[in-house]
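Its first residue numbered 1, the sequence shown is counted upward by one per residue in my numbering. Note that CB positions come from ideal geometry on N, CA and C, so glycine has one too. Every value quoted in this text rests on a predicted model; they were computed, and no experiment measured them. Let me begin by presenting the structure, written as structure tokens, before commenting on it.
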Amino acid sequence: MNKLEHNNGTFVPLIDRLSACSSVYDNPTSAVPEVAEALEKGIEYHQMREFEKAVPFFEQAVIGYGKLGDRTGEGHALVGLGSALYALGQYDDVIDVSKKGILVAREIRDRSIEKKVLDNLGNTYRHLRNYQKALEYQQQSVDIAHELGDLKSEAITLSNIGMVYKAMGNCQKAIAYYEKGLALCRAIQDGYVEGQILRNLGNAYHSQGAYTKTIECYERLLSIVREREDRRSEVHILKNLGSAYYTMENYAKAIELHQQRLDVAKKINDCRNQVQALESLGIIYDTIGDYPKALSYHEQQLKIAQQENNARLVKKIQENLRNICFTIGDYTKASQY
1 MNKLEHNNGT FVPLIDRLSA CSSVYDNPTS AVPEVAEALE KGIEYHQMRE
51 FEKAVPFFEQ AVIGYGKLGD RTGEGHALVG LGSALYALGQ YDDVIDVSKK
101 GILVAREIRD RSIEKKVLDN LGNTYRHLRN YQKALEYQQQ SVDIAHELGD
151 LKSEAITLSN IGMVYKAMGN CQKAIAYYEK GLALCRAIQD GYVEGQILRN
201 LGNAYHSQGA YTKTIECYER LLSIVRERED RRSEVHILKN LGSAYYTMEN
251 YAKAIELHQQ RLDVAKKIND CRNQVQALES LGIIYDTIGD YPKALSYHEQ
301 QLKIAQQENN ARLVKKIQEN LRNICFTIGD YTKASQY
């Protein structure tokens, strides 16, 4: 849903709706604590990734700060609102809100707010596949970050530009921007942002078939998430590493990594990744001709799928089991699946 609805059923841009609601704060003095609290609530829900809950609080803050004439507060609220709407995929509304945000930021000459608004616009246009506009806004954002000496923000936006080029199919340029962002992260020793960029860089190298480089990125990323004890990210990175080693036909290493993935998935009760890890192990053992182990892993996979009542997956696993049985000539066992 890209437009919000009035009571009469007609659709209007979000900014017009907010303007129409400004009478909520007709008493500016009494509204000050309420407005600040609304902004804080919006930020809190945004950090919790509860974006639908964040939106109405950011809306209240935009209206309230606008009524109070507090342009800085209004700018921050517009940034938060745009970011929450972006996360919800309401891209038309992000553009409406962000255009207002740029006007406010430039009026008060707040380059930090302007940069954040430009980031929202750049990411939105990337998702809309308007890559030229995305690059235009992201480049403006990089220039401001550089001007402010904000190396962390500059690194993130360089990575965002890389994502635009990756979406355009230009992996070489994407990699160049990721590498620039990575260098800045390492200069300021920001492991969290470094991890985000390493993930993007690893994916770009994988798309090019540069598996040695892919592995370098994923192994560094793995060490970062293990330091943070981020088990869910660890599972996905182990999957990517295992797949890269499998593609390079280093089956022993692929088995080791998928086994680690299986162990972590069990610890965090992630059934989906358990099933996928068991499938990967079964496929690898099938590839190297160790059919008893291949059968064992697929049977473990089948048991979980049956417990989860996933009929489609059960059918797929049974087909894999039958194929292995046919390969080894065990037709009696094949008939059991």
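The residue among A54, E50, R49 with its C-alpha nearest the C-alpha of E40 is A54. Just so you know, the alpha carbons of E136 and G122 end up roughly 8 angstroms apart. Three or more Cβ pairs closer than 8 angstroms define a contact, and the region 131–147 falls short of that threshold against the region 99–108.
For K173, the closest of I108, A183, L158 by C-alpha to C-alpha distance is L158. Between V264 and Q301, the beta carbon gap of about 17 angstroms keeps them out of contact (Cβ cut-off 8 angstroms). Of all alpha-carbon atoms in G329, Q318, F326, the one lying nearest the alpha-carbon of Y337 is that of Q318. Excluding the 5 residues flanking it on each side, G282 has same chain C-beta neighbours closer than 6 angstroms at A294, Y297, H298, in chain order. Residues K213, T214 of the same chain have their beta carbon placed closer than 6 angstroms to that of Y205, with the five preceding and five following residues left out of the count. For Y65, the enclosing alpha helix (DSSP H) covers residues 51–68.
Straight-line spacing of the CA atoms in N200 and G329 works out to 45 angstroms. A direct Cα-to-Cα measurement between R126 and V193 gives close to 20 angstroms. Collapsing the DSSP output to three states places Y91 in a helix. Of all alpha-carbon atoms in R261, R228, Y251, the one lying nearest the alpha-carbon of I237 is that of R261.
When K115, N250, F51, N203 are compared, the shortest CA-CA separation from H76 is found for K115. Nearest in C-alpha terms to Q196, of all of R220, Y91, G209, A187, is R220.
In this structure, R272 is the residue among Q140, L182, R272 with its C-alpha nearest to the C-alpha of K303. For Q189, there is no enclosing alpha helix (DSSP H), since its DSSP letter is neither H nor E. Each residue's CA atom was taken as its position, placing I108 and L118 some 16 angstroms apart. Measuring C-alpha to C-alpha distances from S280 to each of K267, I268, A252 identifies A252 as the nearest. With a 10 Å radius around the Cβ and a threshold of 16 neighbouring Cβ atoms, T247 comes out exposed. Take Q208, set aside five residues on each side of it, and the residues of its chain with a beta-carbon closer than 7 angstroms to its own are C171, in chain order. Excluding its 5 nearest sequence neighbours in each direction, A145 has C-beta neighbours in its own chain below 7 angstroms: K115, S153, E154, T157, listed in chain order. Sequence-distant Cβ neighbours of E147 in its own chain, meaning closer than 8 angstroms and more than five residues away, are R111.
Check the Cα spacing between D286 and each of Q259, E256, I324: the tightest is with I324. For Q307 and N269, the gap between their C-alpha atoms comes out near 14 angstroms.
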